[in-house]
Amino acid sequence: SSGTKETIEFLPPSEVAKADMDSTKEEEALLQSVRRAGAVVPRKRAVGRLVMHSMVMFGREFCYAVEAAFVTPVLLSVGLPKNLYSLVWLISPILGFMLQPVVGSASDHCTCSWGRRRPYILGLGIIMLLGMALYLNGDMMISAFIGERQKQQTWAIIITMLGVVLFDFAADFIDGPIKAYLFDVCCHEDKEKGLHYHALLTGLGGALGYLTGAVDWGQIMLGYSLTSEFQVIFFFAALVLLICLAVHLRSIPEVPLRYENEESKFLLEVTESYKYSSIEEEIKNGYLKSTCTEIKAEAKPGKCAVTSDMGDQRRMTLKSLLKTLLNMPSHYRCLCVSHLFGWMAFLSNMLFFTDFMGQVVYHGSPYAPHNSTLYLSYRKGVEMGCWGLCINAISSSAYSYIQKILLPHLGLKGLYFIGYLLFGLGTGLIGLFPNVYSTLALCSLFGIMSSTLYTVPFHLIAEYHREEESLKLQDGEQAGQHGRGKGIDCAALTSMVQLAQIILGVCLGLLVSVAGSTVTVISASTVALIGCCFVAFCVHYVE
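When we follow my numbering, the leftmost residue of the sequence shown carries the number -5, and every step to the right adds one.
Pasting the structure below:
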């Protein structure tokens, strides 16, 4: 029968199964499963591969922590007017909210031989690097080219703002393709593990990033060799991001999506690490993972066509994309709303937390003279707030591991509910009883919310897709036919982060100016508890 295998070329499924009679039982079972589903079945991945895949989250969060620690001092140092602060923070989320689903849909239909998601991840990673280079080194770069002081300041502000917008834009966007990449190449069990590793390394990256910002680099030899502290930070952040991005992109090969004509799509499965083989080679090796199906009556005989996880055969226009988002199934929309509540609560607390520590807990003032006791108290509170954020990051990493233990006992609904409930109660207690030690202790609850937001909603997306594929199989349809793309669903979910930023940017700044920083933690608590009710009664959970 091995001789028979040598001569097989694009046979229909029945003949392929006949030629493969002497394969192992496991291979035969896989072939039968694929024949029924009409889709690629990802094989189980090694833990090392899943950790490599998650490294990009470490690099991304490290750079996010650096931005959180240094972007305000950088903007102040270049002389950005106060009335432009809100503009800096609003441009990126507005762009993200409008374009995130477009990028998700485009990645669903990408025909690059390298895969559907990795080209976008690489491109967004490069934009992140460019953004960091501009906002951390913009002032120095402009000084090297422009001599006039007034023009220097104007262009330094423009370049720094551009850098912040580019970095936020790319760092927010990259999460969608990363999650879709994980879902594409992993079986259901590995998707769960991968999301937990993502949360674990996200927390570790954030903790290391905040610690990097706490070091006085001016007293270290590297600080003397470079022009400024910002250049030292950029060196470390760029190095970490590049290493993590390279490891991620080499972690798990993707199945490339190829178009043979407007009516059919051609998939090739991976048989060896980083190598894509032809259908003939797959049959010879006994690892055929796809089946030949007729897409149309006019399709040419002998052609092998496998549907992708996005059933539509043509690229989506922006108009049809918006229609798709508006027509999402109700349980997807409910999940997006709950995700919006979660991020509104989380960001309203995190964006103003250091200011809350400085003004409310330490009774300082950022507007007092810089040599005054009030200002020094404020600076000490900000520094303590950074340590609180570091505790949050470490707690997020630890809880991502604990989640794996709790999941079989509590289920996704229990984990989702507990994350929102503990965060709501914790921020409420901080707002009502602002004390240094109790506040630092309660910062660990921020990490539980962070880990929950990074894992449970995407876990539910995977469950929804799994449920839909099972229903299609029961109805005798192919699993990938007329299905929703994972990329666009992950992008729709991720775009809630940008929408939360837009809402907070418009509303919360006015509230803070009127009522002070205490309103931020009280608002976070209120929104989290409302979200807690929504999670309990409105979100659909697969049994």
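Built from N, CA and C at the ideal position, the CB exists for glycine as well. Computed from a predicted structure; not experimentally measured.
Item	Value
Per DSSP, what kind of secondary structure is A31 in: helix, strand or coil?	Since pLDDT at A31 reaches only 39, below the 50 mark, its modelled position is unreliable, and no value is offered.
Ignoring anything shorter than 4 residues, give me the alpha helix (DSSP H) runs that lie fully in the segment 323 to 393, in order along the chain.	324 to 344 and 347 to 350
Would the segment 191 to 198 count as touching the segment 437 to 451 if we require 3 or more Cβ pairs under 8 Å?	yes
Hey, how far is the Cα of R30 from the Cα of E461?	Caution applies to R30, whose pLDDT of 41 falls short of 50 and renders its modelled position unreliable; the value that the coordinates give is listed next. Cα to Cα, the separation comes out at about 16 Å.
Buried or exposed: which applies to C181, given that a residue is buried once 16 or more other Cβ atoms fall within 10 Å of its Cβ?	exposed
Kindly indicate which residue of I496, V536 and Q492 has the alpha-carbon position closest to the one of G543.	This structure leaves residue 543 out entirely; the chain is present only between -5 and 537.
What is the rounded straight-line gap between the Cα of P113 and the Cα of F531?	39 Å
For the structure I just gave you, are there three or more beta carbon pairs, one from the segment 122 to 129 and one from the segment 231 to 239, closer than 8 Å?	yes
With DSSP run on the structure shown, which of helix, strand or coil describes P171?	helix
Using 10 angstroms around the beta-carbon of F139, count the other beta-carbons present and answer buried if the total reaches 16, otherwise exposed.	exposed
For I246, I'd like the list of residues in its chain whose CB is within less than 7 Å of its CB, leaving aside the five on either flank, ordered along the chain.	R39, R43, H47 and V179
Determine the DSSP secondary structure at R143, reduced to helix, strand or coil.	helix
In this structure, how does DSSP classify W149 when only helix, strand and coil are distinguished?	helix
In whole angstroms, what is the alpha-carbon distance linking I172 and T488?	11 Å
Report buried or exposed for S99, applying the criterion of at least 16 other Cβ atoms within 10 angstroms of its Cβ.	buried
On the three-pair Cβ rule with 8 Å, is the segment 344 to 356 touching the segment 395 to 408?	no
Report the rounded CA-to-CA distance for A485 versus Y326, giving the unit in angstroms.	12 Å
Is the CB-CB distance between N343 and T449 below 8 Å?	no
Using 8 Å as the threshold, is the segment 430 to 437 in touch with the segment 382 to 402, meaning 3 or more CB pairs across them?	yes
For L523, which residues from the same chain have a beta carbon less than 6 Å from its beta carbon, with the 5 sequence-adjacent residues on both sides left out?	G418
Taking only the alpha-carbon atoms, compute the straight-line gap between R143 and L189 and give it to the nearest angstrom.	49 Å
Is the beta carbon of G425 less than 8 Å from the beta carbon of S332?	no
Which residue wins for smallest C-alpha separation from V72, given the options K145, E463 and G422?	K145
State the start and end residues of the unbroken alpha helix (DSSP H) segment that holds K466.	V430 to Q468
Under a Cβ-count criterion, where at least 16 other Cβ atoms within 10 Å of its own Cβ denotes burial, should G141 be classed as buried or exposed?	exposed
With C-beta atoms as the reference, is R244 less than 8 Å away from Y175?	no
Going by the beta-carbon positions, is the gap between Y369 and P363 smaller than 8 Å?	yes
Please state the DSSP three-state secondary structure of Y414.	helix
Count the other CB atoms within 10 Å of the CB of T105; is the residue buried (16 or more) or exposed (fewer)?	exposed
Here's a check: name, in chain order, each residue in its chain whose Cβ is nearer than 8 Å to the Cβ of K185, leaving out the five neighbours to either side.	L176, F177, H453 and A456
Taking the alpha-carbon of T421 as reference, which of G157, Y361, L467 and V521 has the nearest alpha-carbon?	V521
Among S222, Q468, S517 and L409, which has the Cα closest to the Cα of F346?	S517
Give me the Cβ distance between L116 and I153, rounded to the nearest whole Å; I'm assuming they're in contact under 8 Å.	Not a contact, Cβ separation roughly 24 Å.
Where G375 and M338 are concerned, what is the direct C-alpha to C-alpha distance, given to the nearest angstrom?	24 Å
Which same chain residues end up closer than 7 Å to P451 when comparing Cβ atoms and leaving out the 5 residues on each side of it in sequence?	L329, H333 and L487
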